[in-house]
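Note sheet for the following structure.
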Amino acid sequence: MIYTAIDTFYLTDEQLQNSPSRKDGIDEATETTLRIYGCDLIQESGILLKLPQAVMATGQVLFHRFYCKKSFARFNVKRVAASCVWLASKLEESPRKARQVLIVFHRMECRRENLPIEHLDTFPKKYAELKMDLNRTERHLLKEMGFICHVEHPHKFISNYLAALETPPELRQESWNLANDSLRTTLCVRFKSEVVACGVVYAAARRFQVPLPENPPWWKAFDADKSGIDEEGSLSVPPANNDTSTPKAAPATANLESGGSKGALIKAALDKLKESKKSGDDSESVPVEAEAKEEPVSKLKSERKMDASGERNKERDWARDREREKERDRDRDREREKDRLKVRDHDRGRDSDREREREDIEREREKVKDRGHRSKDKGKDSGGHSDKSKHHSSRGWHSIFLQMLILIIVNTMARLIQGTRIVTDIINILEIRFQGVPVYHFKF
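Spelled out as structure tokens, the structure:
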């Protein structure tokens, strides 16, 4: 079966009186103080994260709803507040990163506990554990609410109601302030947003003594109940001492708003919460929630040890951080030295390259000079050989010419003499005279 109603998280007074925190031994004043403390954390973190007011209002409503089903003794207030801010930023379409939320809450914790403000390092194991706790707490929130996280605020009804009642303009800001202050109380889990808006308008009108129409009753036009409005007025309107500086949502709220006692009351409430945790663990009479069973026992023991030796751990963390910073400085110095050596080697390499280029250029010049000298020598050698060849060629032509003449003379003489012996002797003589020159023998 599908339910269309999405804003159905409302409790009665009996259910609030029998809350899980009361079952764990936390009294009403301590629970109220812790609720206001968590809402203060959500409001301040939203301002530091530059979130709209709708995100902070949604986060506070989610915070109240969660602790109506779970105990303050089982879940840490700071972790739940951080998860409510992170989840509300997603629901109101103004998301912030988990890293930003953790850094803001770390800074707020340092400032509230008068510790030296240090930036949260996102690299060590501590940050990983914080991020894991943030994710785990967000899953607990979604699981307890059945993933129905729709929130309807009374702010959007205030302007319409005041315009319909034709009230003076100064009631608008006062009603808006009272609506913001009502988020610190349990009104958001007891009444619908329309009823809360009517109660806020009624309280603002009483403060400024502005009469509202009663014939017919004005609240019936807005589907509100007179009993609910009167109850809201008794919770939100301050006592009759004409102190209009700060609106008070509850008697405990009035005590908290005084600047000097606020931190003391919150510290006392947290101390009571720790004592209730210890007594609950010793007596074993407190019923253990299903979600608490999921957390390992070793983690609870480690948390107790950390609470007992918090200062030692902080000193160790500071010492470790200093050692890490020194190591980082050493690594940076090493890197700088390496870079300097690389630059020097690079410069040396450039000088060596220039010298090599110069040597190559000189070698090429020497080669060119050698080639020029060789070409000149070859030219000279070629000129001498040509003269010799010309001389030899001229000698050859003269010898051939003489041979031809001699042969002609011999042939003519042979023809004239017609004697073979004389001719052969003459030929032999000529062959001896002209060594290597062929002599043609003719048949006579």
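In this text, residue positions in the sequence shown follow the working numbering: the first is 90, and each later residue adds one. From the three backbone atoms N, C-alpha and C, an ideal C-beta is built for every residue, glycine too.
(request) Assuming Ser-282 and His-242 form a contact by the criterion Cβ under 8 Å, report the distance between their Cβ atoms to the nearest whole angstrom. (result) 6 Å
(message) Considering only their Cβ atoms, is the gap separating Phe-194 from Lys-214 smaller than 8 Å?
(response) no
(request) Report yes or no: do the region 260 to 269 and the region 109 to 124 share at least 3 C-beta pairs separated by less than 8 Å? (result) no
(request) Within 10 angstroms of the Cβ of His-229, are there 16 or more other Cβ atoms? Answer buried if so, exposed if not. (result) buried
(request) Could you please give the first and the last residue of the uninterrupted alpha helix (DSSP H) stretch that includes Met-221? (result) 214 to 233
(message) Could you tell me the alpha carbon to alpha carbon distance between Gln-142 and Ile-131, rounded to whole angstroms?
(response) 11 Å
(message) Going by DSSP, what residue range makes up the alpha helix (DSSP H) through Glu-182?
(response) Premise fails: Glu-182 is in no alpha helix (DSSP H) and is neither H nor E.
(message) Please report the straight-line C-alpha distance between Ala-341 and Glu-414, rounded to a whole angstrom.
(response) Caution applies to Ala-341, whose pLDDT of 37 falls short of 50 and renders its modelled position unreliable; the value that the coordinates give is listed next. Distance between the alpha carbons of Ala-341 and Glu-414 is about 46 Å.
(request) Quick one: grab the DSSP three-state call for Pro-109. (result) helix
(request) Quick one: residues in its chain with C-beta nearer than 8 Å to the C-beta of Phe-152, no 5 flanking neighbours on either side, listed in chain order? (result) Arg-124, Gly-127, Cys-128, Ile-131, Val-169, Ala-170 and Cys-173
(message) Going by the DSSP bridge assignment, what does Pro-51 pair with across the sheet?
(response) In this structure the chain extends from 90 to 533, so residue 51 is not present and cannot be described.
(request) Rounded to whole angstroms, what's the CA-CA distance from Asp-371 to Arg-163? Just pull it up for me. (result) With a pLDDT of 49 at Asp-371, under the threshold of 50, the predicted position of this residue should be treated as unreliable, though the coordinate-derived value follows. Rounded to whole angstroms, Asp-371 to Arg-163 spans 15 Å at the Cα level.
(request) Take the Cβ of Leu-276 as the centre, count every other Cβ of all protein chains shown within 10 Å, and call the residue buried at 16 or more, exposed below. (result) buried
(message) So, for Glu-202: in the same chain, excluding its five sequence neighbours on each side, which residues have a beta-carbon less than 6 Å away from its beta-carbon?
(response) none
(message) So the candidates are Glu-451, Gly-317, Phe-297 and Arg-409; which of them puts its Cα closest to the Cα of Pro-258?
(response) Phe-297
(message) Once the 5 residues before and after Ile-206 are set aside, which same chain residues still bring their CB inside 8 Å of it?
(response) Arg-196, Cys-199 and Arg-200
(message) On the DSSP letters alone, give me the boundaries of the alpha helix (DSSP H) that Arg-295 sits inside.
(response) 282 to 297
(request) Can you tell me which of Arg-188, Glu-227 and Asn-266 puts its alpha carbon nearest to the alpha carbon of Ala-177? (result) Glu-227
(request) Use the C-beta contact count for Asp-113: other C-beta atoms within 10 angstroms, 16 or more gives buried, fewer gives exposed. (result) buried
(message) Quick check on DSSP: helix, strand or coil for Arg-429?
(response) helix
(request) Take the Cβ of Gln-106 as the centre, count every other Cβ of all protein chains shown within 10 Å, and call the residue buried at 16 or more, exposed below. (result) exposed
(request) Could you give the DSSP three-state label for Ala-329: helix, strand or coil? (result) For Ala-329, the pLDDT reaches just 34, beneath the cut-off of 50, and the residue's location in the model is therefore unreliable, although a value from the coordinates is still provided. Here Ala-329 sits in coil by DSSP.
(request) Could you tell me which of Asp-270, Ala-252, Ala-268 and Thr-274 sits nearest to Phe-311, measuring between CA atoms? (result) Ala-252
(request) Can you tell me which of Glu-218, Lys-220 and Gly-317 puts its alpha carbon nearest to the alpha carbon of Asp-102? (result) Gly-317
(message) With a threshold of 7 Å on Cβ separation, who are the neighbours of Ser-183 within its own chain once the five nearest residues in sequence on each side are excluded?
(response) Leu-140, Pro-141 and Val-144
(message) Ala-313 and Thr-256 - do their beta-carbons sit closer together than 8 Å?
(response) no
(request) Return the first residue and the last residue of the alpha helix (DSSP H) that Lys-245 is part of. (result) 244 to 254
(message) Beta-carbon within less than 7 Å of Phe-155's beta-carbon, same chain only, minus the 5 sequence neighbours each way: which residues are those?
(response) Val-169, Leu-230 and Glu-233
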